[in-house]
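Going by the UniProt record's numbering, the first residue of the sequence shown is number 1, and it counts up by one from there. One structure is given here, and the rest of the page talks about it.
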Amino acid sequence: MRVHNDSLLHSASDLNAFLGCAHAAALNLRKLIEPDSLPDPAEDDESAVLIQQAGHAHEGAYLASLREKGGVIEISSRGTLEKRAAETLDAMRVGAPIIYQATFLDAPWHGFADFLRRVERPSELGGWSYEVIDTKLARTASPKHVLQLALYSEMIAKVQGVRPHGMHLVLGDCREEEFRTTEFRHTLDASTHRYLTFIEGGAQGSVGEPCSSCSLCGWREVCAAEWEAIDHLSRVAGMQKSQIAKLRDAGVSTVAALAALPVGTRVPKLAPSTFERLRAQAVLQVARLTGEPVVEHLPLEEGRGFARLPAPDPADLFFDLEGDPLYPDGLEYLWGVHYRDAAGEPVFRYEWGHDRASERAAFEAMVDWFTEHVAANPHAHIYHYAAYEVTVLRRLSTAFASREAEVDSLLRAEKFVDLYSVARAAIRTSEPNLSLKTLEIFFAEKRAEDVTKADQSIVHYHRWRETGEQALLDGILAYNRVDCENTEGLRDWLLTLRPELPWWTKQGPAPDPEKTAEAIAREARLAALRESVRANATCLSERGRELVAHLIDFHSRAKKPEQWAVFDRCGRDDDELIDDGECIGAIEPVSGTWLRQEKRSTVARYRFPHQDTKLREGSTVVHAPTLMPMGTIVALDRANGFVEVKRVLKGEDTFPQSGSLIPGWPLDTSVLEEAVERVAGTLAAGDGNRYRAIIDLIERAPPRLAGWDGGELVRPDETLIEATTGRAMTLDRSTLFIQGPPGTGKTHTSAHVICALIAAGKRVGVSSNSHKAINNLLAKVEAVAKELGLDFSGMKKVTRGDPDTLLNGGLIEDVTDAKDIEDAMPDLIGGTAWLFAREKMDQALDYLFVDEAGQVSLGHLMAMGAAAKNIILVGDQMQLGQPIQGAHPGESGQSVLDYLLQGAATIAPDKGILLDTSWRMHSSICGFISEAVYDGRLRAHPDNEAQQLLLDETAHDQLSPNGIRMVEMHHSGCSQRSDEEVEVAAELVESLCGQRYVNRRGHEATIGLENILVVAPYNLQVNALKERLPAGARVGTVDKFQGQEAEVVIVSLATSTPGDLPRHVDFFYSKNRLNVAISRARTLAVVLANPKLLELDAKTVEHLRLVNTLAWLRSAATGDAHAG
1 MRVHNDSLLH
11 SASDLNAFLG
21 CAHAAALNLR
31 KLIEPDSLPD
41 PAEDDESAVL
51 IQQAGHAHEG
61 AYLASLREKG
71 GVIEISSRGT
81 LEKRAAETLD
91 AMRVGAPIIY
101 QATFLDAPWH
111 GFADFLRRVE
121 RPSELGGWSY
131 EVIDTKLART
141 ASPKHVLQLA
151 LYSEMIAKVQ
161 GVRPHGMHLV
171 LGDCREEEFR
181 TTEFRHTLDA
191 STHRYLTFIE
201 GGAQGSVGEP
211 CSSCSLCGWR
221 EVCAAEWEAI
231 DHLSRVAGMQ
241 KSQIAKLRDA
251 GVSTVAALAA
261 LPVGTRVPKL
271 APSTFERLRA
281 QAVLQVARLT
291 GEPVVEHLPL
301 EEGRGFARLP
311 APDPADLFFD
321 LEGDPLYPDG
331 LEYLWGVHYR
341 DAAGEPVFRY
351 EWGHDRASER
361 AAFEAMVDWF
371 TEHVAANPHA
381 HIYHYAAYEV
391 TVLRRLSTAF
401 ASREAEVDSL
411 LRAEKFVDLY
421 SVARAAIRTS
431 EPNLSLKTLE
441 IFFAEKRAED
451 VTKADQSIVH
461 YHRWRETGEQ
471 ALLDGILAYN
481 RVDCENTEGL
491 RDWLLTLRPE
501 LPWWTKQGPA
511 PDPEKTAEAI
521 AREARLAALR
531 ESVRANATCL
541 SERGRELVAH
551 LIDFHSRAKK
561 PEQWAVFDRC
571 GRDDDELIDD
581 GECIGAIEPV
591 SGTWLRQEKR
601 STVARYRFPH
611 QDTKLREGST
621 VVHAPTLMPM
631 GTIVALDRAN
641 GFVEVKRVLK
651 GEDTFPQSGS
661 LIPGWPLDTS
671 VLEEAVERVA
681 GTLAAGDGNR
691 YRAIIDLIER
701 APPRLAGWDG
711 GELVRPDETL
721 IEATTGRAMT
731 LDRSTLFIQG
741 PPGTGKTHTS
751 AHVICALIAA
761 GKRVGVSSNS
771 HKAINNLLAK
781 VEAVAKELGL
791 DFSGMKKVTR
801 GDPDTLLNGG
811 LIEDVTDAKD
821 IEDAMPDLIG
831 GTAWLFAREK
841 MDQALDYLFV
851 DEAGQVSLGH
861 LMAMGAAAKN
871 IILVGDQMQL
881 GQPIQGAHPG
891 ESGQSVLDYL
901 LQGAATIAPD
911 KGILLDTSWR
921 MHSSICGFIS
931 EAVYDGRLRA
941 HPDNEAQQLL
951 LDETAHDQLS
961 PNGIRMVEMH
971 HSGCSQRSDE
981 EVEVAAELVE
991 SLCGQRYVNR
1001 RGHEATIGLE
1011 NILVVAPYNL
1021 QVNALKERLP
1031 AGARVGTVDK
1041 FQGQEAEVVI
1051 VSLATSTPGD
1061 LPRHVDFFYS
1071 KNRLNVAISR
1081 ARTLAVVLAN
1091 PKLLELDAKT
1101 VEHLRLVNTL
1111 AWLRSAATGD
1121 AHAG
């Protein structure tokens, strides 16, 4: 921010500062206007300076590489802004290949781009235009990097008359990443408008609040002094921002005021247990201001705190890591362990890892030693502080595909003890946090080493890299050694505080040594197979061989997060599990009789507080924190908070009276793993013919068609059904993708193709991730076959005892035993990947249709694809997907369609078939969906133009004949439920009912409840809407309504601000979910949303993309991107 020609001139840095903390922008303005009103900003610390220096070196190295190629024009750093901007324009007009330090002046903005690169895309400059490149030391792009690029791109657009298509970052590992400007333009527009409005209003009323930007902010010391002076509530250890807001609403604004409240005080919307924890913490901290450090015991909880401490053993280990986040993809460079020898003397073992190879060697050596040590000392445990060490072991075991069985065995044996989890559930202290360094005041001498903090160790490590000075490395080693020794000191101190109670022991059986040995042998076998694929699968490209090598372990990796999550959740508080949508947190028996017998089983009935959960009837669950099996959920009432679980109790077994329900262990995927191994083995043997369709998929090859000369797969004279059927009929041991955006009839089209193939004597399989999707397509096949007079034999594999898997068809028989299908081999077979991955199904099908392919992983596809000579993928990656669990190398963790399309929204015309005509949406809705989601390739059928609402004078003022409307809601404090939005939705529904509408055929009718869908992201809002709306109203989540449609769709987003979000940002702002919600509407979509939802503090680049869709929707709905 600067004053230029008597006006304020702003930069991308100013915008990013504002988005990180509006108060920082206010202080910047104040310092500029009233220089003496504030001290100078704090100087950067050593680590920040180190990063800056490395960043300049990175930029210099990239510039040098460009200069070697020639054609670089450098804009002088001297002269006025106007002169430098003019020089930049001159360089652009002459078509320079590269422009360095390009300057732009477009009041009230200005900027200095690292590089502009010429691209051969016409503009007002001529047959070329420019795109911006910035160099950043980081290994991944951040939101502030991309917003800076987006702002520069807008200024470039003003100069050259056309918006750049792409913008680029050269990252710290010299990898270039490209971003599409259209994916960020609306986010930028909304952000700059908010910023300029704030500044032009004089930043009035700005108050500093602690946030994630504080540590790097130049005003951190100013704010810290202010918070100390006003006794800010953030100074209470463990206090959250949302809790501060609730306390302030109750008139409690200082630590002293909180400490002075009596026990039992009720604060609206704050759980009593949470309030008491915060109040007691405040009492200790207030007393600490004039007293000595104090520690208090927390109430004992089964499986937590002191109850989680095992008996000490002379062979216990104390483990700590040092990592370098500035190294590309991070580097765990020092592995330290403190323990005691047979004489009780301290020993320090360590391994260095100064590059990727030595990091792997250190990891493998340490895991091998851990394994040998606990085998020789079965009662020993490995202590660490916080989750970092275990997280690294998990990550590296999968990243290196090494020691996975050993790490799994250590985790399953529960040999790791996290003392942070123990401490936070066992004690409350007078200190401001529970870091190891803070707690050392109770049990250790003050540190005297040169290195005393983690960020210092990183600075010293980089200095060693530059100088090679051994003293620097020795200082880091001494720091790590003290960390390890003080981890033992903390454990011993906690033991002195521990009350008399049984020692913690592992629940359930210990890992079977034979199974562990089998797992290690299997890992060695698969490692050999991976190398064989890389060396011998000559039918694949080098990239394809690497992908197949990675997919060999896909299912093992995918299961690990579920396995690890079981242990992790057992270390969490009930409050945390309430917020975990995979669980049911804080259960307690219902009053009165809560246990009943059902034959040999016992059913336990519990109540639980309001929460959103994905658990459902039929889910197998275990108890946290004890890992006790709880059986199966047989009844679940989310609205009223009741759940029933059923299991057979044996011996002394009982149901617990507190705790939480968490998901059980993952499904057995051995049949899928065997199929993938079978395919990989065939490829490694040099056979490139048997699984030709899978090979084409892996190579992203266009579909191979008999007698086809190439070109677009849909000829101008063909209907989409004719083209799809024709291409499927001539598919020659290959893969074809049919993309079906909303309302384009993908199920209808697929059913016609399947019938044609069966009529031609082909055996066809139908699969997907869910029985619902499989049954939907099979039912449509039966309907089309009936219309065509086609008779065929068919079987659907169902699960015994699960009615949701049943088709109940006419021609297709439900079968529980897969062997019956293998024996009969009918014309049409339906089932999940577990059926088609069976060895007897290998190459048994002529065609395999994979529906909802956007939800299917590459690993699943490789397993089930072994069954078919030809594979036809049907789906749309721009609609609801399914998260793929696990950390997977390369591209192996992607869904089939994400892999095929590589980020493109639509399939290329010569690579697949896009069903490009929506038979559902009016053009005023389809236009937005097409531009925002499908690159402008989706069009509304002309008949859809007839669709309109015939609204009379009594209609609600937020209704219109067709299109998209956004109703701005200004509620606060709403997370999963907004009563204000419920009322507006009810008003809209009431107003709509009885109005008239015209359908696509021109027929007029009366709107009833069946013509309206009401959609919300959360079950709590859905339940509130159901209670308020008339009986029969169609209300549900997006997931429930995929595939359905109505004349009018009302979308209630419910949440007030990003800070109120109960779930991950990716879920709420998902472009795919918004696409599905809006595209259910034939004629009108009405979105109820708080405009503050656009004020997301984006943590990732993907967050910016997600907000961009909502900002775009607001612009499309209002015609004004700056409305509200």
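Every residue, glycine too, gets a C-beta built ideally from N, C-alpha and C. Treat the numbers as computed from the prediction; the structure is a model and nothing was measured.
With the cut-off set at 8 Å, would you say residue i and residue j are in Cβ contact?
| i | j | result |
| --- | --- | --- |
| Gln739 | Gly912 | yes |
| Leu828 | Gly794 | yes |
| residue 1125 | Gln285 | The chain is shown only over 1 to 1124; residue 1125 falls outside these bounds and no answer can be derived. |
| Gly831 | Lys797 | yes |
| Ala537 | Arg545 | yes |
| Arg118 | Ala96 | yes |
| Gln855 | Ser895 | yes |
| Leu495 | Pro312 | yes |
| Glu276 | Val263 | yes |
| Asp851 | Val874 | yes |
| Leu289 | Leu258 | no |
For residue i, which of helix, strand or coil comes out of DSSP?
| i | result |
| --- | --- |
| Gly830 | strand |
| Trp564 | helix |
| Leu15 | helix |
| Glu546 | helix |
| residue 1165 | Because the chain in this structure spans residues 1 to 1124, residue 1165 falls outside the shown range and cannot be described. |
| Ser532 | helix |
| Tyr691 | coil |
| Lys1092 | helix |
| Leu1061 | coil |
| Ala940 | strand |
| Tyr62 | helix |
| Val896 | helix |
| Leu636 | strand |
Name the DSSP bridge partner or partners of residue i?
| i | result |
| --- | --- |
| Pro589 | Tyr606 |
| Leu949 | Tyr997 |
| Leu595 | Ala604 |
| Gly111 | Phe104 |
| Trp352 | Leu334 |
| Met795 | Glu813, Ile829 |
| Thr487 | None; Thr487 has no bridge partner. |
| Ala847 | Residue identity check: residue 847 is Tyr in the sequence provided, not Ala. DSSP lists Val764, Asn870 as partners of Tyr847. |
| Lys646 | Val603, Thr632 |
| Val3 | Leu8 |
| Pro310 | Trp504 |
| Glu177 | Leu169 |
How about residue i: is its Cβ closer than 7 Å to a heavy atom in the ligand GDP?
| i | result |
| --- | --- |
| Asp492 | With respect to the ligand GDP, the structure offers nothing, as it holds no ligand at all. |
My assumption, with CB atoms under 8 Å, is that residue i sits in contact with residue j. Please give the rounded CB distance.
| i | j | result |
| --- | --- | --- |
| Ile821 | Glu677 | Contact doesn't hold; Cβ gap of about 23 Å is too wide. |
| Ala824 | Met966 | Contact flag wrong, Cβ pair sits at about 54 Å. |
| Ala22 | Phe198 | 6 Å |
| Thr192 | Phe318 | That belief does not hold up - the Cβ atoms of Thr192 and Phe318 are roughly 51 Å apart, past 8 Å. |
| Arg1080 | Phe1041 | 6 Å |
| Ala380 | Asp316 | 5 Å |
| Ile1078 | Ile884 | Between Ile884 and Ile1078 the Cβ distance is about 25 Å, and since that is not below 8 Å, they are no contact. |
| Ala1116 | Asp189 | That belief does not hold up - the Cβ atoms of Ala1116 and Asp189 are roughly 13 Å apart, past 8 Å. |
| Glu404 | Ser397 | 5 Å |
Query raised in the report: For the stretch 391-465, which segments carrying the alpha helix (DSSP H) assignment without a break, of at least 4 residues, lie completely within its bounds, in sequence order?
Result: 404-412, 419-426, 436-439
**Report entry** Contained beta strand (DSSP E) runs [length at least 3] in the stretch 113-147, N- to C-terminal order
**Finding:** Complete beta strand (DSSP E) runs here, min 3: 129-135.
Requested in this report: Report the residue ranges of all beta strand (DSSP E) runs contained in full by the stretch 712-756; include only those spanning at least 3 residues, in chain order.
Outcome: 735-739
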